[in-house]
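Worksheet for the structure shown next.
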Amino acid sequence: MTLPEAPSNDVWVIGDVQGCAGALRALLAHPELSRPDTELWFAGDLINRGPDSLGALRLIQSLGSRARAILGNHDLHLLAVVAGVRPPGKSDTFQDILAAPDAAELIDWLRHRPMMVRDRGHVMVHAGILPAWTLDLAQALAGEIETALRRPDWHSALHDLYGEEPLQWDDALQGRDRMRVIVNAMTRMRVCHAEDGRMDFHHKGEPYATPGLVPWFELPGRRDPAEPVVFGHWSALGLHIRPDVICLDTGCVWGRSLTALRLRDRRIIQQDCTACR
């Protein structure tokens, strides 16, 4: 007698897909990821720059409750274009979404994605968490942005999200300044000034390449380091695993690989993305 296979209850976190639907489809076909009881977390930047943003978005949406996808800067950019806040860029590849017959449904689904997931003893955010924030505060701040994007007048909220200033958090921040810091930290931050913690949005290369700038996760005074933060956004950092942080952006859209990591034991599965380049 063959016993039924025990539920896995596993969580696999997948790095930046960025419209590489073919690579994602191949990765999800792996036996350990294809089980119906396996939960799949997506670390933001589901679309843009890759060859099939529409296919990637539809695929992730079709996973239903198995998928927990957060918003990245490219996903927010698409929402801003739809809202008329930003023009499409020359390198954007989400025109297929805008022209799709189910565009309204896909955009509605996308804007209801969270900014942050905190579960299974881990935190997932697209870019990072400011060291001044406890995780309880970060979760509450993420909720402020989520609420704004889920309102009927969500288009107006996008006007407040763009701009680099202010570069630091202050508990007294209100309005658009407050929203900008939250969104910039969670979806754009890579490095900060070592002297005072100001975010820097010009450095996109390898860590420590610019004197005086350090990765956000190496700033002193970080709160709640016992809950590891899983993030993407930084392809030059690549696969980076240590007890308190895990980076999973392995540059699929640049022809490298799409990475999935199992939370319970840090097992890695990677899919070659040569065709995405």
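So the sequence shown is numbered by UniProt numbering: it starts at 1 and just counts up by one. All C-beta atoms, glycine included, are put in the ideal place defined by N, C-alpha and C. Nothing here was measured: the structure is a model prediction, and the numbers come from that model.
For the alpha helix (DSSP H) containing residue i, list its first residue and its last residue.
i      : result
Ala104 : Ala103 to Arg111
Arg58  : Ser53 to Ser62
With the cut-off set at 9 Å, would you say residue i and residue j are in Cβ contact?
i      : j      : result
Ala261 : Val13  : Checking the displayed sequence, the identity of residue 261 turns out to be Leu instead of Ala. In this structure, Val13 lies closer than 9 Å to Leu261 by Cβ.
Ala157 : Asn73  : no
Met186 : Ile129 : yes
Asp45  : His233 : yes
Considering just the uninterrupted stretch of the beta strand (DSSP E) at residue i, what are its terminal residues?
i      : result
His193 : Val191 to His193
Arg180 : It is not in any beta strand (DSSP E) - Arg180 instead sits in the alpha helix (DSSP H) that spans Gly175 to Thr187.
Ala69  : Ala67 to Ala69
His155 : Premise fails: His155 lies in the alpha helix (DSSP H), Trp154 to Ala157, not in any beta strand (DSSP E).
For residue i and residue j, what's the separation of their Cα atoms in angstroms?
i      : j      : result
Arg111 : Asp92  : 18 Å
Gln139 : Leu248 : 21 Å
Trp154 : Ala148 : 6 Å
Asp272 : Ala172 : 46 Å
Lys204 : Pro152 : 35 Å
Trp169 : Asn184 : 11 Å
Pro211 : Leu63  : 43 Å
Asp52  : Phe94  : 8 Å
Ala23  : Leu79  : 24 Å
Arg58  : Glu195 : 44 Å
Glu105 : Gly221 : 42 Å
His202 : Pro215 : 13 Å
Arg178 : Pro31  : 43 Å
Arg150 : Ile107 : 11 Å
His240 : Ala83  : 35 Å
Among the options, which has the Cα closest to the Cα of residue i?
i      : options                          : result
Val123 : Asp244, Leu258, Asn73 and Arg266 : Asp244
Arg118 : Val229, Arg176 and Ala99         : Val229
Gly55  : Gly44, Val17, Thr38 and Arg35    : Val17
Ala41  : Leu59, His30 and Val11           : Reading off the sequence shown, one finds Trp at residue 41, where the question assumed Ala. When each option's Cα is compared against that of Trp41, the closest is Val11.
Glu227 : Pro114, Asp136, Leu71 and Trp109 : Asp136
Arg256 : Cys276, Leu28 and Ile268         : Cys276
Met115 : Trp254, Leu141 and Val191        : Leu141
Tell me residue i's beta-bridge partners as DSSP assigns them.
i           : result
residue 281 : Outside the shown range of the chain, which is 1 to 277, sits residue 281, and nothing can be said about it.
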